[in-house]
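These notes concern the structure reproduced below.
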Amino acid sequence: MAEQITEAKATAKTVRIAARKVRLVVDLIRGKSIGEAISILKFTPRGASPAIEKVLMSAIANAEHNYDLDVENLVVSEAYVNEGPTMKRFRPRAKGSAAPILKRTSHITIVVSEKKEG
Numbered sequence: 122m123a124e125q126i127t128e129a130k131a132t133a134k135t136v137r138i139a140a141r142k143v144r145l146v147v148d149l150i151r152g153k154s155i156g157e158a159i160s161i162l163k164f165t166p167r168g169a170s171p172a173i174e175k176v177l178m179s180a181i182a183n184a185e186h187n188y189d190l191d192v193e194n195l196v197v198s199e200a201y202v203n204e205g206p207t208m209k210r211f212r213p214r215a216k217g218s219a220a221p222i223l224k225r226t227s228h229i230t231i232v233v234s235e236k237k238e239g
């Protein structure tokens, strides 16, 4: 008999926000229930909130559509951010020189799973 899948995952690759800034918001929702996590993201005034909310909604949709999990019992079991590729640009400076600019990106991963009984 096959074991029932109890978790679903969603990933956003190369999001144009530095991983350090995204981690501040991801740390707020880790371990929370889905409803609580969505309301935290809606009222957190940070640029990363909409991107994380989009990944969370995708993970919920994956759980519901692909694995027939009950949305009411889902919690954010894992949420982590990795660094993506860095785009390098140059800004002209005085006396014909140039200064490097690093445009950092991040990979956001969220895993939702069914709440453990008990």
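Per this note's numbering: the sequence shown ends with 239, consecutive numbering throughout. The C-beta atom is built at its ideal place from N, Cα and C for all residues, glycine as well. Remember, it's a predicted structure, so these values are computed and weren't measured experimentally.
CB of residue i within 9 angstroms of CB of residue j, strictly
{"i": "residue 207", "j": "residue 226", "result": "yes"}
{"i": "residue 197", "j": "residue 155", "result": "yes"}
{"i": "residue 140", "j": "residue 199", "result": "no"}
{"i": "residue 184", "j": "residue 128", "result": "yes"}
Euclidean distance between Cα positions of residue i and residue j
{"i": "residue 210", "j": "residue 186", "result": "41 angstroms"}
{"i": "residue 143", "j": "residue 178", "result": "17 angstroms"}
{"i": "residue 171", "j": "residue 162", "result": "7 angstroms"}
{"i": "residue 126", "j": "residue 181", "result": "14 angstroms"}
{"i": "residue 176", "j": "residue 194", "result": "18 angstroms"}
{"i": "residue 135", "j": "residue 224", "result": "11 angstroms"}
{"i": "residue 133", "j": "residue 237", "result": "26 angstroms"}
Environment of residue i [buried if 16+ CB atoms lie within 10 Å]
{"i": "residue 192", "result": "exposed"}
{"i": "residue 234", "result": "buried"}
{"i": "residue 174", "result": "buried"}
Residues that residue i bridges to, as DSSP identifies them
{"i": "residue 133", "result": "229"}
{"i": "residue 154", "result": "196"}
{"i": "residue 89", "result": "What the structure shows of the chain is the stretch from 122 to 239, and residue 89 is not part of that stretch, so it cannot be assessed."}
Every unbroken beta strand (DSSP E) inside the segment 173-234 [3 residues or more]: 195-204, 208-213 and 219-224
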